[in-house]
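A.B. asks: Let me give you the structure first, and then I'll get to my questions.
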Amino acid sequence: MTNDENAASQASSDPVRRPLLTVTLSAFGPKNVDPLRLSLATGDRAFVLGGNGTGKSSLMQKLYRERGSASVVRVPAYRQIWFSTGQIAITPAQRTKRNDHKAHQEAQEEARYVDHTSGQRILEYLFDLVAREADANARVADLVRGNDIEQAREKGGEETPIITLNRILRDANLGVEIEGRFSDGVRARRRGGAPFDAAQLSDGQRAALLIAATVLTAEPQSIILIDEPERHLHRSISAPLLRDLFAERPDCAIVVSTHDIDLAADHPGARALLLRDYRQATPQTDLEAWDFDLLSSGGTLPDELRVDVLGARRVIVFVEGDSARSLDHDLYRALLPDVSVVAKGSCRHVIEAVRGVRAARGEHWIEAFGLIDRDGRSSDAMTAFSEEGVYLLSVNAVESIYYHPDMIHLMAQRSAAFGGGDTNKMISDAQEAALEAFTANPDDMCAQAVEHQIREKIMAALPTAKDILALTAAPPSWNVVELMDKERALLVQAKEQNDLITLVQRYRIKRSAAPNRIAGALGFRGRDQYELAVRHLLRENANALDAARALLGGLWRAISSI
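As structure tokens, then:
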């Protein structure tokens with residue numbers, strides 16, 4: 021039974037949840053998944069995510085078209101939010117007739133991209149809002165006339181639709197209040213100021229008013245479809261607006277189509293359908309289909325990882341650093357073009373992210389891996405990390421890939437082919453320049469390497485609660501002089517043996533002048549031009565790409581085996 025079949029079963033047995041609609045989504049794509057039976061019941065919340073052209077609006081249109089007897093209202097993405105006046109210029113009979121006509125039009129295929137009712141839609145929902153307000157006030161008046169003062173007090177203390185609307189607008193920081201009567205129309209006030217026609221509200225305020233009025237006036241047990249609520253709205257407004265509207269209508273199912281991944285991540289109790297591609301129905305086949313993944317509601321996936329998962333391709337690699345290190349990410353994009361690479365800060369955060377996503381494997385579609393700097397770690401550490409899906413670079417840090425001897429050879433060949441020159445001399449000059457640059461400040465290089473060795477000793481010796489209770493915890497010790505002497509000997513040996521591989525494995529190349537020296541020896545104006553040329557080579561040359569991927573410490577083999 022699928023997640024949605026489970027949801028439908030629960031809805032049938034739970035007196036509070038009522039099943040409203042079940043549609044079948046045909047699937048295609050690399051996963052060759054079975055069709056998905058998507059069930060909606062009262063109280064359900066679902067997000068439809070995806071890039072442009074992945075079929076979000078088509079899916080929303082399918083939900084409306086196949087609604088059967090269910091009550092469905094929609095806020096389309098191409099909605100018109102301006103109106104000429106807040107005056108209520110239609111009668112109840114006209115409103116009913118328009119609703120029937122609109123239901124017919126919105127069931128047509130072209131309703132996905134054409135809104136024939138755009139000029140009327142917001143006025144109709146304003147009419148509904150004022151009508152609900154008038155009905156609420158009339159019920160209280162009837163109780164007073166019937167001398168049922170106790171019941172009148174009780175009903176009079178309840179929120180009317182417009183009071184509810186104003187509370188929601190206030191919490192969304194919109195800074196206006198709405199008032200509405202059939203005699204005066206819908207008007208607004210700014211923080212106690214004079215009333216003015218609601219048509220004069222800002223674009224964002226009118227957009228929020230349309231969404232809120234649609235949700236608040238929907239009939240009980242309706243399915244509410246909201247397409248791109250972020251249009252005309254800053255996230256600081258759209259997030260609390262949706263949160264409060266969700267809470268206000270537990271009697272309805274609400275489906276939101278959005279580009280805003282954070283908006284979906286704000287609601288871990290909601291399901292998320294991530295669309296990756298769309299195949300439109302044709303005269304040869306009347307079957308439309310989607311390439312999609314479903315993230316179940318709730319579950320054990322940590323909230324802070326939901327954004328990463330919702331925004332990811334089917335493979336995600338967590339790396340050290342932050343998103344500001346764009347040059348690193350340019351290299352990752354060249355090496356892993358079909359993989360989502362997400363910076364998580366420190367090594368510890370990378371490991372925690374991989375563990376968190378892998379621990380919740382039954383709830384999502386993601387294969388998660390980690391990639392961290394070698395930083396002088398031992399072979400035993402590499403093996404232990406790889407068992408958890410975390411791989412250590414075969415070089416000291418990711419930027420060292422640019423300057424590995426294999427890359428130098430390939431770039432020398434490319435430079436000679438385009439600009440002339442002796443390939444072997446370029447290689448020799450580049451390696452000599454690199455060796456000199458790496459060893460120009462030996463103590464600085466060695467101290468950095470020893471620092472990472474000591475840090476690894478400390479992390480490996482961190483006591484557990486069990487160690488502390490058993491009184492067996494002891495601080496690690498080290499001899500800095502001995503470690504530095506050993507490191508100096510390794511550095512000298514690498515230089516004497518022209519061993520550039522050892523140097524890029526053990527030491528931070530960015531602490532030296534090696535990048536610019538290597539770039540100059542290969543005919544480039546500096547490291548930026550050289551690194552850009554390397555990335556171009558990786559995109560064009562399969563041998564270069566294979567050589568660079570081999571430096572990812574087994575990560576590429578693991579990804580390729582999925």
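FYI, in our numbering the residues of the sequence shown are 21 to 582.
For each residue, glycine too, the CB sits at the ideal point set by N, CA and C.
Provide the residue span of the beta strand (DSSP E) that contains R296, from first to last.
C.D. replies: On the sequence shown, position 276 is the one that residue 296 refers to. Unbroken beta strand (DSSP E) run through R296: R291 to R299.
A.B. asks: Decide if L571 is buried, meaning its Cβ has at least 16 other Cβ atoms within 10 Å, or exposed.
C.D. replies: Numbered from its first residue, the sequence shown carries residue 571 at position 551. Per the 10 Å Cβ criterion, buried.
A.B. asks: If you measure between the beta carbons of A436 and A541, is that distance less than 8 Å?
C.D. replies: Within the sequence shown, numbered from 1, the residue matching residue 436 stands at position 416. Within the sequence shown, numbered from 1, the residue matching residue 541 stands at position 521. Cβ distance not < 8 Å, so A436 and A541 don't count as in contact.
A.B. asks: Between A564 and L430, which are expected to be in contact by the criterion C-beta below 8 Å, what is the C-beta distance as a whole number of angstroms?
C.D. replies: The residue you call residue 564 lines up with position 544 of the sequence shown. The residue you call residue 430 lines up with position 410 of the sequence shown. Right, the Cβ-Cβ distance comes to about 5 Å (below 8 Å), so this counts as a contact.
A.B. asks: Looking only at its chain, what residues have a beta carbon closer than 6 Å to the beta carbon of T567, apart from the 5 residues adjacent to it on each side?
C.D. replies: Position 547 of the sequence shown holds residue 567. The sequence shown places Ala at residue 567, rather than the Thr named in the question. These residues qualify, in order along the chain: D426.
A.B. asks: Taking C-alpha atoms, which residue in Y423, D464 and Q433 lies nearest to A453?
C.D. replies: What you label residue 453 is simply residue 433 of the sequence shown in a count that begins at 1. A453 has its Cα closest to that of Y423, out of Y423, D464 and Q433.
A.B. asks: Using 10 angstroms around the beta-carbon of W576, count the other beta-carbons present and answer buried if the total reaches 16, otherwise exposed.
C.D. replies: By 1-based counting over the sequence shown, the position of residue 576 is 556. Counting Cβ neighbours within 10 Å, W576 comes out buried, since at least 16 surround it.
A.B. asks: What are the start and end residues of each continuous beta strand (DSSP E) run of 3 or more residues lying completely inside the region 381 to 437, in chain order?
C.D. replies: Complete beta strand (DSSP E) runs here, min 3: 387 to 392 and 410 to 412.
A.B. asks: So what does S222 bridge to, in DSSP terms?
C.D. replies: The residue labelled residue 222 in the question sits at position 202 within the sequence shown. Per DSSP, none; premise fails for S222.
A.B. asks: For the region 215 to 223 against the region 62 to 75, are there 3 or more C-beta pairs whose distance is under 8 Å?
C.D. replies: Contact between the region 215 to 223 and the region 62 to 75 is absent, because fewer than three Cβ pairs lie under 8 Å.
A.B. asks: In this structure, how does DSSP classify P112 when only helix, strand and coil are distinguished?
C.D. replies: Indexing the sequence shown from 1 puts residue 112 at position 92. Three-state result, P112: helix.
A.B. asks: For G341, tell me which candidate among R326, E197 and A363 has the shortest Cα-Cα distance.
C.D. replies: Here the question's residue 341 lines up with position 321 in the sequence shown. Comparing Cα positions, the closest option is A363.
A.B. asks: Can you list, in chain order, the residues of its chain with a C-beta nearer than 8 Å to that of N157? Leave out the 5 residues immediately preceding and following it.
C.D. replies: Taking the sequence shown and counting its residues from 1, one reaches residue 157 at position 137. Around N157: T180.
A.B. asks: Is P39 helix, strand or coil when you go by DSSP?
C.D. replies: What you label residue 39 is simply residue 19 of the sequence shown in a count that begins at 1. In this structure, P39 counts as strand in the three-state DSSP scheme.
A.B. asks: Looking at the secondary structure, which residues open and close the beta strand (DSSP E) in which T74 lies?
C.D. replies: The sequence position of residue 74 within the sequence shown is 54, counting from 1. Neither: T74 is in no beta strand (DSSP E) and is coded neither H nor E.
A.B. asks: List the residues that DSSP assigns as beta-bridge partners of T44.
C.D. replies: In the sequence shown, the residue the question calls residue 44 occupies position 24. R57, per the DSSP bridge assignment.
A.B. asks: Count the C-beta pairs between the region 393 to 412 and the region 541 to 550 that are closer than 8 Å, then say yes if the count reaches three, no if not.
C.D. replies: With a cut-off of 8 Å, the region 541 to 550 and the region 393 to 412 do not count as touching, because too few Cβ pairs lie within range.
A.B. asks: Output the distance between the C-alpha atoms of L40 and S89, rounded to the nearest integer angstrom.
C.D. replies: Counting from one through the sequence shown, the residue named residue 40 turns up at place 20. Counting from one through the sequence shown, the residue named residue 89 turns up at place 69. Between L40 and S89, the C-alpha separation is close to 9 Å.
A.B. asks: So what's G177 in DSSP terms, helix, strand or just coil?
C.D. replies: Counting from 1 along the sequence shown, the entry for residue 177 is found at position 157. The answer is coil: DSSP assigns G177 none of H, G, I, E or B.
A.B. asks: Identify, in the order they occur along the chain, each residue of the same chain with its Cβ nearer than 6 Å to the Cβ of P240, setting aside the five sequence neighbours on each side.
C.D. replies: Along the sequence shown, one-based indexing puts residue 240 at 220. So the list reads D271, once near-sequence residues are dropped.
A.B. asks: Span of the alpha helix (DSSP H) holding W310?
C.D. replies: Against the sequence shown, residue 310 aligns to sequence position 290. Run containing W310: none in the alpha helix (DSSP H); it sits in the beta strand (DSSP E), A309 to L315.
A.B. asks: Quick one: grab the DSSP three-state call for S277.
C.D. replies: What you label residue 277 is simply residue 257 of the sequence shown in a count that begins at 1. It is a strand residue.
A.B. asks: When you compare the CB positions of E249 and V206, do they come within less than 8 Å of one another, or not?
C.D. replies: Residue numbering aside, residue 249 sits at position 229 when the sequence shown is read from its first letter. Residue numbering aside, residue 206 sits at position 186 when the sequence shown is read from its first letter. In the sequence under discussion, the amino acid at residue 249 is Pro, which differs from the Glu named in the question. Against a cut-off of 8 Å, the Cβ pair of V206 and P249 comes out as no contact.
A.B. asks: With V370 and V410 assumed to form a contact (beta carbons below 8 Å), what rounded beta-carbon distance in angstroms separates them?
C.D. replies: Here residue 370 refers to the residue found at position 350 when the sequence shown is read from its first residue. Here residue 410 refers to the residue found at position 390 when the sequence shown is read from its first residue. Right, the Cβ-Cβ distance comes to about 7 Å (below 8 Å), so this counts as a contact.
A.B. asks: Using only CA atoms, which one of E372, C367 and R434 lies nearest to H12?
C.D. replies: Lying outside 21 to 582, the shown extent of the chain, residue 12 is not represented and no answer is given.
A.B. asks: L413 to V327, Cα distance in whole Å?
C.D. replies: Residue 413 sits at position 393 when you count from the first residue of the sequence shown. Residue 327 sits at position 307 when you count from the first residue of the sequence shown. Cα-Cα distance, rounded: 26 Å.
A.B. asks: From what residue to what residue does the alpha helix (DSSP H) around F540 run?
C.D. replies: For this step, residue 540 is matched to residue 520 along the sequence shown. First, the amino acid is wrong: residue 540 is Gly here, not Phe. That run of the alpha helix (DSSP H) goes A534 to A541.
A.B. asks: Could you compute how far the alpha carbon of A344 sits from the alpha carbon of L265?
C.D. replies: Start at 1 with the first residue of the sequence shown, and residue 344 comes out as number 324. Start at 1 with the first residue of the sequence shown, and residue 265 comes out as number 245. Interpretation of A344 is limited by its pLDDT of 47, a score under 50 that renders its predicted location unreliable; no figure is taken from the coordinates.
A.B. asks: Using the three-state DSSP reduction, which class does I371 fall into: helix, strand or coil?
C.D. replies: Taking the first residue of the sequence shown as position 1, residue 371 is located at position 351. Of the three classes helix, strand and coil, the one that applies to I371 here is helix, per DSSP.
A.B. asks: What are the boundary residues of the alpha helix (DSSP H) that includes D487?
C.D. replies: Position 467 of the sequence shown holds residue 487. Note, D487: alpha helix (DSSP H), A485 to L489.
A.B. asks: Could you tell me the boundaries of the alpha helix (DSSP H) in which A467 lies?
C.D. replies: Start at 1 with the first residue of the sequence shown, and residue 467 comes out as number 447. Counting along the chain, the alpha helix (DSSP H) containing A467 begins and ends at P462 to A480.
A.B. asks: Please name the residue in W310, A388, L552 and D247 whose C-alpha comes closest to that of I336.
C.D. replies: What you label residue 336 is simply residue 316 of the sequence shown in a count that begins at 1. Nearest C-alpha to I336: A388.
A.B. asks: Considering Cα atoms alone, identify which of V92, A481, N499 and Q513 is closest to I244.
C.D. replies: Working through the sequence shown from its first residue, we reach residue 244 at position 224. Of V92, A481, N499 and Q513, the residue nearest in Cα terms is V92.
A.B. asks: What are the partner residues of V68, as DSSP defines its beta bridges?
C.D. replies: Within the sequence shown, the letter at position 48 stands for residue 68. V68 pairs with S277 and L293.
A.B. asks: So, for N193: in the same chain, excluding its five sequence neighbours on each side, which residues have a beta-carbon less than 8 Å away from its beta-carbon?
C.D. replies: Taking the sequence shown and counting its residues from 1, the one referred to as residue 193 is at position 173. Hits under 8 Å: S256, I257 and P260.
A.B. asks: Do you know whose CA, among G224, G106, A214 and R159, lies nearest F147's CA?
C.D. replies: Residue numbering aside, residue 147 sits at position 127 when the sequence shown is read from its first letter. Among G224, G106, A214 and R159, the Cα nearest to that of F147 belongs to G106.
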